Amino acid sequence: MGQTRLHFTANKLEADRIFAALDAAFEEDGLPIAVLELDEEKDIHEVSLYADGDVDPVEARVKDILAGLGLPKAIEREVLPDVDWVSRSLEGLKPVRAGRFFVHGSHDRAKRRSGDLAIEIEAGLAFGTGHHGTTAGCLEVLEQVVLRERPRNALDLGTGSAVLAIALAKLAHIPVLATDIDPVAVRVAAANARLNHVKALVETVTAPGFHHPIFARRAPFDLIVANILARPLMRLAPEMAKHIGLGGSLVLSGILDRQRDAVISAYVGQAFRHVRTLHREGWVTIHLKH
3 MGQTRLHFTA
13 NKLEADRIFA
23 ALDAAFEEDG
33 LPIAVLELDE
43 EKDIHEVSLY
53 ADGDVDPVEA
63 RVKDILAGLG
73 LPKAIEREVL
83 PDVDWVSRSL
93 EGLKPVRAGR
103 FFVHGSHDRA
113 KRRSGDLAIE
123 IEAGLAFGTG
133 HHGTTAGCLE
143 VLEQVVLRER
153 PRNALDLGTG
163 SAVLAIALAK
173 LAHIPVLATD
183 IDPVAVRVAA
193 ANARLNHVKA
203 LVETVTAPGF
213 HHPIFARRAP
223 FDLIVANILA
233 RPLMRLAPEM
243 AKHIGLGGSL
253 VLSGILDRQR
263 DAVISAYVGQ
273 AFRHVRTLHR
283 EGWVTIHLKH
């Protein structure tokens, strides 16, 4: 049988309590659990648990845990399709060059040149193959920051397919923590790290927020890259400041041109200074220093 997603909605306080309880209960089973914000204004969050095979016993355990918390929820099921996402995701995609980086699928290995920092990505379900303007912009800025600042400890927040984490590991030869709220993305990220022979440097973790203990263990970071969206980036500014070292660099993307000033203002208010903005295809990549 394929994989099934059990999911239900809750407010943020409930979702945090439920996540902690489910994480502890299913830790030995290795079942991925995620929390996703669906509506900020209405405080609606979705809790998901992914299970293989017979899902009835898993759902029964989840219901017992929710009842024990005094938070009974109507649990819905989604049977995930058995699709060859690797082949589908690379249909029609061409390789991309950004600085020294060459991002490609397996079908374009022959196009690699001597001196390329080649990154082979089988994107699967995860966002961020290097073909989007935000990812390519991040790669270009990261190359300059790494060569100038020589960071020793990096974080790729919202890693998607792990293209940025892999780029950092290949260029700087440093440990990189790659996190995402989506367990499917994290599995794809780990596979891509193995494919690119940097699994020893790239640690992939499903983490819905900075409250996950992995951040406390690995911080402070010399470099944080986050290619997500403008609003969550602005919301994360105080946490970014707590987890980055003095003089550390932030590389932020997933930001439209018109959102640039608001994002910079949020970080200036947390003792960051703006270094550079790269404009590409209507999107911006912003470099800030703490």
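Here my numbering is used: the first residue of the sequence shown is 3, the next is one more, and so on. Glycine is no exception: its CB is placed at the ideal position from the N, C-alpha and C atoms. A quick note: this is a predicted structure, and the numbers were derived from the prediction, not measured.
Use the C-beta contact count for S251: other C-beta atoms within 10 angstroms, 16 or more gives buried, fewer gives exposed. It counts as buried.
Could you tell me if L153 is buried or exposed, where buried requires 16 or more neighbouring beta carbons within 10 angstroms of its beta carbon? A small correction: the amino acid at residue 153 is Pro; Leu does not occupy that position in the sequence shown. By the neighbour-count rule (16 or more Cβ atoms within 10 Å), P153 is buried.
Let's see if you can read the secondary structure: which residues bound the alpha helix (DSSP H) around N229? Element bounds for N229: not the alpha helix (DSSP H) but the beta strand (DSSP E), F223 to N229.
First and last residue of the uninterrupted alpha helix (DSSP H) at H245: Where H245 is concerned, the enclosing alpha helix (DSSP H) stretches over A239 to H245.
In chain order, what are the residue ranges of uninterrupted beta strand (DSSP E) at least 3 long that sit wholly in the region 243-287? For the region 243-287, whole beta strand (DSSP E) runs of length 3 or above, ordered along the chain, are 246-258 and 275-282.
What number of angstroms, rounded off, separates the C-alpha of L248 from the C-alpha of T279? In this structure, the straight-line span from the alpha carbon of L248 to that of T279 is close to 21 Å.
Could you spell out where the alpha helix (DSSP H) holding I168 opens and where it closes? Following the DSSP letters along the chain, one finds I168 inside the alpha helix (DSSP H) bounded by residues V165 to A174.
Would you kindly work out how many angstroms separate the C-alpha atoms of A180 and R115, rounded to a whole number? Each residue's Cα considered, the two are about 27 Å apart.
Unbroken beta strand (DSSP E) run spanning A187, endpoints: Counting along the chain, A187 falls outside any beta strand (DSSP E), though it belongs to the alpha helix (DSSP H) covering P185 to L197.
For H276 and M236, what's the separation of their Cα atoms in angstroms? When the Cα atoms are used, H276 and M236 turn out to be separated by approximately 14 Å.
Nonlocal neighbours in the same chain, by C-beta distance under 8 Å from P97, ignoring five residues either side: The answer, listed in chain order, is F104, V105, H106, G107, D110 and K113.
Roughly how many angstroms lie between the CA atoms of T137 and S255, to the nearest whole one? Roughly 8 Å separates the two Cα atoms.
Sheet register partners of Q5 (DSSP bridge): DSSP lists D54 as partners of Q5.
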